[in-house]
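Each residue of the sequence shown is one higher than the last, beginning at 31 in the numbering used here. Heads up, the beta-carbon is just placed ideally off N, CA and C, and yes, glycines get one too. All values reported here derive from a predicted model rather than from experimental measurement.
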Amino acid sequence: MMDTKAEKDDLAKMPPKQGNLRDSNSEENNLLFTDEYKQALEKASYEIVGNHSAVEICGWTKKGLKEEGGCYKQKFYGIRSHQCTQMTPAAVACDQKCVYCWRVNEMFSGQQDLMEYANDDPEDIVQGSIEGHLRKLSGFGGNPKIDKQKFLESQTVRHFAISLTGEPTLYKELPAMIRELKNRKISSFLVTNGLHPEMIEKLRDEDSLPTQLYMSLDAPDRRTWKRIDIPLVPNFWDKIHSTLKLMDGLQTRKVLRMTVVKGWNDFDIPGYAELIKMAGERVMIEVKSYMHLGPARKRLSKENMLTYDEILDFSNKLASELGWKVIDEAPNSLIALVAEEDWDGRVMDFGDPLTGHLEPSFTC
Numbered sequence: 031m032m033d034t035k036a037e038k039d040d041l042a043k044m045p046p047k048q049g050n051l052r053d054s055n056s057e058e059n060n061l062l063f064t065d066e067y068k069q070a071l072e073k074a075s076y077e078i079v080g081n082h083s084a085v086e087i088c089g090w091t092k093k094g095l096k097e098e099g100g101c102y103k104q105k106f107y108g109i110r111s112h113q114c115t116q117m118t119p120a121a122v123a124c125d126q127k128c129v130y131c132w133r134v135n136e137m138f139s140g141q142q143d144l145m146e147y148a149n150d151d152p153e154d155i156v157q158g159s160i161e162g163h164l165r166k167l168s169g170f171g172g173n174p175k176i177d178k179q180k181f182l183e184s185q186t187v188r189h190f191a192i193s194l195t196g197e198p199t200l201y202k203e204l205p206a207m208i209r210e211l212k213n214r215k216i217s218s219f220l221v222t223n224g225l226h227p228e229m230i231e232k233l234r235d236e237d238s239l240p241t242q243l244y245m246s247l248d249a250p251d252r253r254t255w256k257r258i259d260i261p262l263v264p265n266f267w268d269k270i271h272s273t274l275k276l277m278d279g280l281q282t283r284k285v286l287r288m289t290v291v292k293g294w295n296d297f298d299i300p301g302y303a304e305l306i307k308m309a310g311e312r313v314m315i316e317v318k319s320y321m322h323l324g325p326a327r328k329r330l331s332k333e334n335m336l337t338y339d340e341i342l343d344f345s346n347k348l349a350s351e352l353g354w355k356v357i358d359e360a361p362n363s364l365i366a367l368v369a370e371e372d373w374d375g376r377v378m379d380f381g382d383p384l385t386g387h388l389e390p391s392f393t394c
């Protein structure tokens, strides 16, 4: 269904984009970051990679090095937090301004046209991300609280979480980047906002699908999506539907991630169920509470978080609506996993941390 005239008018009334980021930097370095945004990222411990990418050490990577547990993706899917690189090839642009985003999206949202100039080589992005990741880990080697074996293993990156900030599917060479990861036997979890079905098609057609594809599913209807995700492109609801339908039949692992914000999108479970059905069989649903972190604290309050009991209640109601079940839980991360059924390959075996990394075959 096309956007209504009123919705198009609302989009047209949105504030104008900030000045062209490219113009604010010297011809010499050709960075697509403004100086202000670059400084904000570096202050937040990001490392800039090339002209439009970035990497940051995840808090769960640090915890993994100290034997303090791993992130929920380790529990749910088998990836090793201490060997995971968190990065994005599109740090300079996103075409939504999600209210729950704990990144500095005020500085880059609406800059999607800028990604036309994002021409860094995918191999350089992968290599630069690994090098930046390892540089940031180097100081942990002398920490007496660090498990020495885990630190040794961390020097071999086995997994890329392609999310961090911005919208990764805006990077034109994303298929080649994922193929480069496969060549290096590095698994990949790609997160998309669902507004670029043409890139999902390209990944499929070029045999470049990630190990696991995530799509954010943040609302049960068009009006709520517009309110919570603030899409900056026309026909956003059509694009969301197209991406969901494309997920049906993709030969890779598929996840719909629901970030639940109390009072914003914690309703209409039948509406969510209808959208989920578009994605076909063997899709998993992550039901996760909004986290009151970073710049999101300026947009929402701590009261917008759900308790784990509330997340589990919402998850069970969604599972009941679908005829599915809750198959795993991570209470410390306020998240539950819903699927039609569990299966042996859900938690992947990546082999020995140092010598073997088994890129799993399609098991969904």
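If residue i and residue j are in contact, beta carbons under 8 Å, what's the gap, nearest whole angstrom?
i	j	result
tyrosine 338	leucine 330	The pair is not a contact, with the Cβ atoms about 18 Å apart (cut-off 8 Å).
alanine 121	glutamine 141	Not really, about 10 Å apart at Cβ, beyond 8 Å.
lysine 318	threonine 289	6 Å
lysine 232	isoleucine 299	With a Cβ gap of about 33 Å, lysine 232 and isoleucine 299 do not count as contacting.
valine 221	glycine 158	Going by Cβ atoms, the distance from valine 221 to glycine 158 rounds to 20 Å, so no, they are not a contact pair.
lysine 292	glutamate 333	7 Å
Using alpha carbons as the reference points, say which of the options lies closest to residue i.
i	options	result
leucine 305	Leu262, Arg287, Val263 and Met229	Arg287
proline 383	Ser111, Ile299 and Trp267	Ser111
glutamine 179	Lys96, Gly100, Asp154 and Leu144	Lys96
proline 240	Lys284, Ile78, Asp65 and Ile270	Lys284
glutamate 61	Glu197, Ser83 and Thr273	Looking at the sequence provided, one finds leucine at residue 61 rather than glutamate. Leucine 61 has its Cα closest to that of Ser83, out of Glu197, Ser83 and Thr273.
leucine 364	Pro261, Met335, Gln69 and Glu77	Met335
isoleucine 176	Pro325, Lys92, Asp379 and Glu311	Lys92
isoleucine 315	Asp358, Lys292 and Ala326	Asp358
alanine 303	His271, Arg312, Leu262 and Pro250	Pro250
proline 264	Trp90, Asp125, Glu98 and Glu72	Asp125
serine 168	Phe138, Ile87 and Glu197	Ile87
proline 182	Thr282, Gly301, Thr273 and Gly94	In the sequence as displayed, the identity of residue 182 is leucine instead of proline. Ranking Thr282, Gly301, Thr273 and Gly94 by Cα distance to leucine 182 puts Gly94 first.
leucine 71	Met137, Asp150, Phe344 and Leu262	Met137
Under a CB-based cut-off of 8 Å, is residue i close to chain C?
i	result
glycine 158	Checking the listed chains, one finds no chain C in this structure; it contains a single protein chain.
Excluding the 5 residues preceding and the 5 following residue i in the sequence, name in chain order all residues of the same chain whose CB lies nearer than 7 Å to its CB.
i	result
proline 152	Glu203, Ala206, Met207 and Glu210
alanine 349	Lys355, Val356 and Val368
valine 187	Gln113, Thr115, Ile160, His163 and Ile216
leucine 323	Trp132
proline 361	Tyr338
threonine 385	none
Beta-carbon within less than 6 Å of residue i's beta-carbon, same chain only, minus the 5 sequence neighbours each way: which residues are those?
i	result
cysteine 128	Asp259
aspartate 296	Val290
Contact between the segment 267-279 and the segment 230-250 (3+ Cβ pairs under 8 Å): Cβ pair count under 8 Å is three or more, so yes.
Quick check on the DSSP output: what are the complete beta strand (DSSP E) runs of length 3 or more inside the segment 226-263, in order along the chain? Counting whole runs of 3 or more residues, the segment 226-263 contains the beta strand (DSSP E) stretches 242-246.
Given 8 Å as the limit, is there contact between the segment 151-166 and the segment 114-129, that is, 3 or more CB pairs closer than that? Judged by Cβ distances under 8 Å, the segment 151-166 makes contact with the segment 114-129, as three or more pairs qualify.
Can you find at least 3 beta carbon pairs, one from the segment 165-178 and one from the segment 359-379, that sit closer than 8 Å? Because the criterion of three Cβ pairs below 8 Å is not met, the segment 165-178 and the segment 359-379 do not touch.
Determine, using beta-carbon pairs with one atom in the segment 249-257 and one in the segment 225-236, whether at least three such pairs fall under 8 Å. Fewer than three Cβ pairs drawn from the segment 249-257 and the segment 225-236 lie within less than 8 Å of each other, which leaves the two stretches out of contact.
Complete beta strand (DSSP E) runs within the segment 293-374 (minimum length 3 residues, chain order): Entirely contained in the segment 293-374, the beta strand (DSSP E) runs reaching 3 residues are, in chain order, 313-319, 355-360 and 365-369.
Restricting to runs no shorter than 3 residues, where is the beta strand (DSSP E) found entirely within the segment 62-98? Listed in chain order, the complete beta strand (DSSP E) runs (minimum 3 residues) inside the segment 62-98 are 77-79 and 83-86.
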